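Visitor:
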Amino acid sequence: MRKICIFLFSGTGMTQYVINKAKAEFEKSTAVVDLKCIEHCLVEEIELSDYDEIGFAYPVHSFNAPKKVINFIKLLPQGNHIPTFIFATAGEQNTLNYASSNLLRKILNKKGFDIFYEGLFAMPSNFAMKYEENKVQELLDNVNADICRAVYQINKNCYFILKRSFGSNLLAFFGRAEWFGARCIGKFFYADKSCIFCGKCEKHCPNQNIQVTDNVIKFGRQCGLCMRCVYLCPAGSIKLRQPFKFIAFDRWYENPELKIPGKQ
Ligand SMILES: Cc1cc2nc3c(=O)[nH]c(=O)nc-3n(C[C@H](O)[C@H](O)[C@H](O)COP(=O)(O)O)c2cc1C
Numbered sequence: 169m170r171k172i173c174i175f176l177f178s179g180t181g182m183t184q185y186v187i188n189k190a191k192a193e194f195e196k197s198t199a200v201v202d203l204k205c206i207e208h209c210l211v212e213e214i215e216l217s218d219y220d221e222i223g224f225a226y227p228v229h230s231f232n233a234p235k236k237v238i239n240f241i242k243l244l245p246q247g248n249h250i251p252t253f254i255f256a257t258a259g260e261q262n263t264l265n266y267a268s269s270n271l272l273r274k275i276l277n278k279k280g281f282d283i284f285y286e287g288l289f290a291m292p293s294n295f296a297m298k299y300e301e302n303k304v305q306e307l308l309d310n311v312n313a314d315i316c317r318a319v320y321q322i323n324k325n326c327y328f329i330l331k332r333s334f335g336s337n338l339l340a341f342f343g344r345a346e347w348f349g350a351r352c353i354g355k356f357f358y359a360d361k362s363c364i365f366c367g368k369c370e371k372h373c374p375n376q377n378i379q380v381t382d383n384v385i386k387f388g389r390q391c392g393l394c395m396r397c398v399y400l401c402p403a404g405s406i407k408l409r410q411p412f413k414f415i416a417f418d419r420w421y422e423n424p425e426l427k428i429p430g431k432q
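Heads up: the sequence shown begins at 169 in our numbering, then just goes up one per residue.
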């Protein structure tokens, strides 16, 4: 029985969706898949040698992997040539996203992970663009077929690495400015009067950046702009002040297949 471990980070559930589907697809063949959420994973407890293959999955943030994912990967032990694949989800099917794993691959290569496959899945954007329900469903239908194809190719050990253009490499490089920008923009979040102080945002923030004290919601300087708090909030209270108001929505797509981490 082939054993696969997939390390994933998902802000608002899209990457989680892809990985759940991929796990089910892998397990149709002779494979078992362990899913490990990066935010809950203790690096000291990871035994890479227990697995035949490793996967990493993340949402594209400003043409890159999120800082949280990079930080996690830096802490991993040596890969000892373990076959490795990378799945990324993005808010649109755009070749400019193709270099999002550049830094991640550099670190993994140095650690001796043998990366043989990359998949990029176009999901509904959770950032700046608002997709209508029918568009969401269309994207999910397409992505389901893409996942089956990717898993089939991985099962067959196909080598597939996305072809970067000069533009995508450049965007990936400069997009890293977002890691610092996120900390600043994060201070522009606020909970409006509709807040019910349920504490979900605090409990599920992957960066422990939110504090609920004396019926005040405080946003710190560790925001990763993953948007989980905005989408998870049952009262739709979390907003961004100007000039960043356009980035976050106060509404979640009511698609039953997309489940935000932390939502019951
Ligand atoms: C801060 C931020 C930056 C993003 N940057 C990009 C981007 O550069 N290209 C893109 O196609 N989508 C971008 N997106 C959209 C996400 O990649 C997409 O919605 C993803 O599937 C979200 O996955 P998640 O729900 O697992 O976090 C961005 C989203 C956020 C929150």
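Quick reminder that beta carbons are idealized off the backbone N, C-alpha and C, glycines included.
Computed from a predicted structure; not experimentally measured.
Got a sec, what are the start and stop residues for the alpha helix (DSSP H) Glu306 sits in?
Guide: Here residue 306 corresponds to residue number 138 of the sequence shown, with the count starting at 1. 301–323 is the span of the alpha helix (DSSP H), which, as asked, contains Glu306.
Visitor: Quick one: Cα of Pro227 to Cα of Gln379, how far?
Guide: The sequence position of residue 227 within the sequence shown is 59, counting from 1. The sequence position of residue 379 within the sequence shown is 211, counting from 1. Pro227 and Gln379: Cα-Cα distance of roughly 25 Å.
Visitor: Can you give the Cα-Cα distance for Ala199 and Gln321, rounded to whole angstroms?
Guide: Here residue 199 refers to the residue found at position 31 when the sequence shown is read from its first residue. Here residue 321 refers to the residue found at position 153 when the sequence shown is read from its first residue. Cα to Cα, Ala199 sits roughly 14 Å from Gln321.
Visitor: Quick check: what's the CA-CA separation for Asn232 versus Ala340?
Guide: On the sequence shown, residue 232 is found 64 positions in, with the first residue counted as 1. On the sequence shown, residue 340 is found 172 positions in, with the first residue counted as 1. The alpha-carbon atoms of Asn232 and Ala340 are separated by roughly 5 Å.
Visitor: Are the beta-carbon atoms belonging to Phe357 and Ile406 less than 8 Å from one another?
Guide: Looking up residue 357 in the sequence shown gives position 189. Looking up residue 406 in the sequence shown gives position 238. Yes, they are a contact pair.
Visitor: Would you tell me roughly how many angstroms separate the C-alpha atoms of Ile315 and Arg389, rounded to the nearest one?
Guide: Within the sequence shown, residue 315 is the residue found at index 147, counting from 1. Within the sequence shown, residue 389 is the residue found at index 221, counting from 1. Taking the Cα positions, Ile315 is about 36 Å away from Arg389.
Visitor: Can you give me the C-alpha to C-alpha distance between Lys196 and Gly349, rounded to a whole angstrom?
Guide: Stepping through the sequence shown from its first residue, residue 196 is reached at position 28. Stepping through the sequence shown from its first residue, residue 349 is reached at position 181. Near 42 Å, if we compare the C-alpha coordinates of Gly349 and Lys196.
Visitor: Could you check where the beta strand (DSSP E) with Phe414 kicks off and where it finishes?
Guide: Reading the sequence shown from its first residue, position 246 is the one you call residue 414. Unbroken run through Phe414: none, as it is neither H nor E.
Visitor: Taking Cβ to Cβ, would you say Tyr399 is nearer than 8 Å to Asn294?
Guide: Start at 1 with the first residue of the sequence shown, and residue 399 comes out as number 231. Start at 1 with the first residue of the sequence shown, and residue 294 comes out as number 126. In contact: Tyr399 and Asn294 (Cβ atoms closer than 8 Å).
Visitor: Using the three-state DSSP reduction, which class does Lys171 fall into: helix, strand or coil?
Guide: Along the sequence shown, read from residue 1 onward, the residue named residue 171 stands at position 3. Strand.
Visitor: What residues does ligand 1 have around it, judged by CB closer than 7 Å to any heavy atom, in chain order?
Guide: Ser178, Gly179, Thr180, Gly181, Met182, Thr183, Gln184, Pro227, Val228, His229, Ser230, Phe231, Thr257, Ala258, Gly259, Glu260, Asn262, Asn265, Met291, Pro292, Ser293, Asn294, Phe295, Gly343, Glu346, Ala350, Leu393, Cys394, Met395
Visitor: How would you write the range of the beta strand (DSSP E) that Thr381 sits in, first residue to last?
Guide: Against the sequence shown, residue 381 aligns to sequence position 213. For Thr381, the uninterrupted beta strand (DSSP E) segment begins and ends at 378–381.
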